[in-house]
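The structure appears below as structure tokens.
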Amino acid sequence: MPNLPRTSGKEVLRGLAELNCIVLRQTGSHVRVERHKGDRMLLSTVPLHKTVPVGTLAKILRDLEITPEEFIAALKG
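The sequence shown begins at -15 in our numbering and counts up by one.
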């Protein structure tokens, strides 16, 4: 498993958008996103901080059932 990059909240949202995640709403500095996988709707919250901690990013990816490899590839575009 590759190491997750240190990215900003906006970069995380850009990568998630590449993976068909939809922004539902924003409350303050946090954005709620959803991803449809089959007949299930997966939800997570992304903080819009300058740097999202690696553990927080890992939890977001787990919630949305995205592998680190998929996310890194989406960030590279």
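Glycine included, every Cβ here is placed at the ideal spot set by N, Cα and C.
For residue i, three-class secondary structure by DSSP
{"i": "Arg(-2)", "result": "helix"}
{"i": "Arg(-10)", "result": "coil"}
Contact under 8 Å by Cβ, residue i with residue j
{"i": "His33", "j": "Gly61", "result": "no"}
{"i": "Gly(-1)", "j": "Leu48", "result": "no"}
{"i": "Arg(-10)", "j": "Thr35", "result": "yes"}
{"i": "Glu18", "j": "Ile6", "result": "yes"}
{"i": "Glu54", "j": "Leu3", "result": "yes"}
{"i": "Arg16", "j": "Leu26", "result": "no"}
Counted within 10 angstroms of its Cβ, other Cβ atoms place residue i as buried (16 or more) or exposed
{"i": "Ile50", "result": "buried"}
{"i": "Val30", "result": "buried"}
{"i": "Ile44", "result": "buried"}
{"i": "Ser28", "result": "buried"}
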